[in-house]
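Chains as they are written, first to last, in this note's numbering: chain S, 2 to 248; chain D, 29 to 242; chain F, 7 to 349.
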Amino acid sequence: MFEHEGLSKEFEFVTKKSEIKHIGDSIKNTSIKMQTIAFALIQGDQDTVGQLTIECLEEGISANEILDNGLLNGMSIVGVKFRDNIIFVPEVLIAARAMKAGMTHIEPILSESGIEPQGKVLMGTVKGDLHDIGKNLCIMMLRGSGFTVYDLGVDTSPEDFADGFEEYQPDIIGMSALLTTTMPNMGRTIQYFEDVGLRDEVRLMVGGAPVTQEFADEMGADAYGDSAIDAVDKAKELILLLKDLRD
Amino acid sequence: MRVFEVREQFGNCLELVSMDPNFHNITVGLFIKNDILTVWSYSKKEGVKSRLNTIRDKMVELGGLKSIDEDFKLKVPRGYFIERPLRFLFTQSVEKDPAFKFDNGPISASDNKTKLSFTIRGVNKKDNYIYVVSTTGEHERPIIRIRAVVGGFVKYGECIKLNDESFCFKDKKQHDEYVRILLPYARNVSAVENMITTSEQTGQMNTQTLGFSQ
Amino acid sequence: MKTMTKKERVFSALNRQEVDRPPVANPTSVATVEMMDLVDAPFPEACRSAELNARLAATEITEFDFDSIAPYFSIIQESSAIGCDMQWEQKDNWPTVRMSNPIWQDASDVKVPKDFLEHKDTKVILDSIKILRKEFGNDIPIIGKTMGPWTLAYHVFGVEKFLLGTIDNPSETKLALEKLKEFTYLFGEAQIDAGADILTVPDHATGDLVSGQYYKTFLQDLHTEMAESFKVPLILHICGQTVDRMPAIAETGMHAFHFDSKNKPEDAMNAVQNKISLVGNINNPETLYSKNTTEVKKEVFDCLNAGVQIIAPECAIPLKTKSENLIAITEGVTDWLSEHNKN
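This is the structure we're talking about:
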């Protein structure tokens, strides 16, 4: 499917139609070097990711291109595989380590470039839920994409989200849940924001393994991200919408 | 008393305070059978009987409940049995300094998130006794904090929200004692929820509390 | 059928033989703050003094009429004896190991301290077992506990470091587990010598963290070897989602598997295909701790209807569990039997 055979095999784990299109489109016209970085990240090969990142920068490839086409493409497949229980914590840990190996070289360039941050996002796993690895994947991708992200951690009550909103004034609040039993707390948080009159001040996005678009619509969320990469795209769309509203 | 006997005589356990800071960290429970409440501990330490009666008396004093002429027991007058605030009342009666008393006068407390102060005023409206929340002090939009406090009473007092600034209890009656007990909780729900979560997690054994989760 | 002794009942269930009634036995302990008061044996002292430990452990039988006693309440006794950095906490909380401060880096560091079995925190369990055996005679099964090498690895190396190592260097990981199992054997054998009838082996390769393949790669052979080597029945305990690894666990020869409420009893029974007994799996935080006796009994029914051989909470019970909910477990079994006898 892609030039890089290994990456093509990894891509076979992406089975949802929307993700096949989304991630597939993102990878398909990228160079073999970018695909190699993506593959190495999925394998947790931090040395290759680090080395190739340096090489690409020396060849004049932009930090943004390496980030989007190499690192984030790899991470998007990691996110899907983790969500679908194909890989578990150790595999995610080594992928995250490989991502860091690339980001070490890219981050200084991105911060120097004076690129205006995309927006501010406040993230948390909802009340009663102590899982954070999915949330942390999203945070990594959002930061990599230029968002300023504040992390409230796990077991975040509606009131905590509201307190966080008052403190950080984010554009978007992202709520994660990995249990069907804790998903309703997304709705409670949205309701709480309505109750205290903050609903119109912020966009609320939801995500996590058991969450669906239907559920997100029922709860009254503004957006639903069905993977880490989708969360980034939806966040960008919400920022554009907000900008239009403000203009 | 053995476990079976306690259940037989005192009924079901409504709330357990695992460590009484005012008496040797004993565990104290609040039990209910019909409308009789019993404060009880399995501890056999010297002085425990007196301590349990002190807790009972404090519940009567702070909560407007009725003492019974029997050790450790008190009664829930009709309409007073609202479970959640009763459990907060019990916890406060165990954990607060025995000398603690509420101030007489208006029901008020300062907001620990802003420079506002809250006052709650009871108003008799036909068949409904309602409570109205107001603030003094400077804030751009005090209504946000008022709404949050009303939300707190709904959550912890099982109250009914009437509008952004007022609420009533389910039985539509006056319960000033409960309002005084609940106001410190209602004004800072996020901190209370954190405290409740921490308390609930304490003593649980799972992947997270063992430190294994990632 | 004639009434069995508690020991006969538990052993029969472990062997998937007929019982007079399903036993109630928690392989991972029953200790509550209320019982600490009843017998004046609070944590953490009850984890470090044999006399207090035995008094508290006995309440499982004397107050709740369960069918066994399990004196090792936590999962940290060996790790303390090994020299890990400990947090002993207070009456209403579990002692834990400070894994952010691990004592060892890799397999070459793993060594059994000379005084391992004489250390205060291993000796307490051995002495407690002796006290309980003397007090209760031979008709009550005493369930000891010896931590498996995977859990010990978390404690001595730190969780993240250990998990990264499983991919970075699987052969080093296997070597570490081989060396750590020595603690499992030493402590387990000592408890048997002291009078333990059964041993629980907690080994937290949980589905919340690692794949089912991990169990096969790193632990299945070790557990099979343990099942062959120990002279008493073994109950394996792994928290979290484990249905995917239950078929492999069922092949180890262990007598029973103590499973978490995240797995439905029917799914678990289906996975093990009657090759191993199941123990469990009443939900701790949501049911036993937070709900009422009706809900507890319902879960007992669900387990018995599925065919679970030994009824138990899913793990060590929350320390603040109300006594009435523990009584409800044995009453749930009685109610289920009445209903079944009617039918």
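From the three backbone atoms N, C-alpha and C, an ideal C-beta is built for every residue, glycine too.
Predicted model only: the values in this text are computed from it and were never measured.
Short Cβ contact (8 Å threshold) for residue i with residue j
i: serine 267 of chain F; j: glutamine 315 of chain F; result: no
i: alanine 211 of chain F; j: methionine 252 of chain F; result: no
i: proline 118 of chain S; j: phenylalanine 89 of chain S; result: no
i: threonine 299 of chain F; j: asparagine 331 of chain F; result: yes
i: isoleucine 64 of chain D; j: asparagine 40 of chain D; result: no
i: leucine 102 of chain D; j: arginine 84 of chain D; result: yes
i: proline 271 of chain F; j: alanine 312 of chain F; result: yes
i: lysine 8 of chain F; j: isoleucine 146 of chain F; result: no
i: serine 121 of chain D; j: aspartate 98 of chain F; result: no
i: valine 118 of chain F; j: alanine 182 of chain F; result: no
i: leucine 228 of chain F; j: lysine 281 of chain F; result: no
i: tyrosine 70 of chain D; j: aspartate 209 of chain F; result: no
i: isoleucine 303 of chain F; j: glycine 338 of chain F; result: One detail in the question is off: residue 303 of chain F reads as lysine in this sequence, not isoleucine. Taking 8 Å as the Cβ cut-off, lysine 303 of chain F and glycine 338 of chain F qualify as a contacting pair.
i: isoleucine 131 of chain F; j: arginine 139 of chain F; result: no
i: leucine 242 of chain F; j: phenylalanine 263 of chain F; result: yes
i: serine 177 of chain S; j: glycine 208 of chain S; result: yes
i: methionine 142 of chain S; j: leucine 243 of chain S; result: no
Endpoints, alpha helix (DSSP H) assigned at residue i
i: isoleucine 209 of chain D; result: 204-214
i: valine 162 of chain F; result: 155-163
i: glycine 25 of chain S; result: 18-29
Neighbourhood of residue i by C-beta distance below 6 Å, restricted to the same chain and skipping five residues each side
i: phenylalanine 194 of chain S; result: Arg200
i: isoleucine 148 of chain D; result: Ile135, Tyr159, Val161 and Val207
i: glycine 188 of chain S; result: Met220
i: asparagine 156 of chain D; result: Cys196 and Lys200
i: isoleucine 109 of chain F; result: Gly89, Cys90 and Val162
i: glycine 51 of chain S; result: Ala102
i: alanine 233 of chain F; result: Leu240, Thr258, Gly259 and Met260
i: aspartate 127 of chain F; result: Gln83, Ser86 and Ala87
i: glycine 175 of chain S; result: Val122, Met124 and Met206
i: leucine 58 of chain F; result: Ala47, Glu51 and Ala52
Residue i classed as buried or exposed, judged by whether at least 16 other C-beta atoms fall within 10 angstroms
i: lysine 120 of chain F; result: exposed
i: leucine 241 of chain S; result: exposed
i: threonine 226 of chain D; result: exposed
i: glutamine 279 of chain F; result: exposed
i: valine 103 of chain F; result: buried
i: serine 106 of chain F; result: exposed
i: arginine 79 of chain D; result: buried
i: histidine 203 of chain D; result: buried
i: aspartate 139 of chain D; result: buried
i: glycine 171 of chain F; result: buried
i: arginine 30 of chain D; result: exposed
i: arginine 106 of chain D; result: exposed
i: valine 151 of chain D; result: exposed
i: lysine 129 of chain F; result: buried
i: leucine 246 of chain S; result: exposed
i: arginine 169 of chain D; result: exposed
i: histidine 5 of chain S; result: buried
Contacts around residue i, its chain only, beta-carbon distance under 7 Å, and the 5 residues preceding and following it disregarded
i: serine 228 of chain S; result: Glu20, Ser77, Gly80, Val81 and Arg84
i: lysine 136 of chain F; result: Ala200 and Gly201
i: isoleucine 140 of chain S; result: Met124, Val150 and Asp152
i: leucine 210 of chain D; result: Pro113, Phe116, Phe181, Tyr184 and Gly185
Where the beta strand (DSSP E) containing residue i begins and where it ends
i: leucine 72 of chain S; result: Neither: leucine 72 of chain S is in no beta strand (DSSP E) and is coded neither H nor E.
i: asparagine 280 of chain F; result: Asparagine 280 of chain F -> no beta strand (DSSP E), and no H or E assigned at all.
i: asparagine 156 of chain D; result: 156-164
i: arginine 149 of chain D; result: 145-153
i: lysine 187 of chain F; result: Note, lysine 187 of chain F: premise wrong, no beta strand (DSSP E); alpha helix (DSSP H) at 176-200.
i: valine 67 of chain D; result: 64-68
i: glutamate 57 of chain F; result: Taken as a continuous stretch (DSSP letters only), glutamate 57 of chain F belongs to no beta strand (DSSP E), being part of the alpha helix (DSSP H) at 56-68.
8 Å Cβ shell around residue i - same chain, five flanking residues per side excluded
i: glutamine 226 of chain F; result: Ala254, Ile255, Glu257 and Thr258
i: valine 197 of chain S; result: Ala163
i: lysine 198 of chain D; result: Ile110, Glu186, Cys187 and Ile188
i: glutamate 92 of chain S; result: Gly45, Val79, Lys82 and Phe83
i: glutamate 195 of chain F; result: Phe236
i: glutamate 141 of chain F; result: Ala60 and Ala64
Any non-hydrogen atom of the ligand FMN within 7 Å of residue i CB
i: phenylalanine 236 of chain F; result: The model on display carries no ligand, and the ligand FMN is accordingly not part of it.
### Message
I'd like to know if the segment 38-49 of chain F and the segment 318-326 of chain F are in contact, where contact means that at least 3 CB-CB pairs between them fall below 8 Å.
### Response
yes
#### Entry: Cβ contact check for the segment 26-36 of chain S and the segment 52-67 of chain S: 3 or more pairs under 8 Å
yes
### Message
Within 8 Å, do at least three Cβ pairs link the segment 18-28 of chain F to the segment 226-241 of chain D?
### Response
no
#### Entry: Three or more C-beta pairs below 8 Å linking the segment 60-77 of chain S and the segment 209-217 of chain S
no
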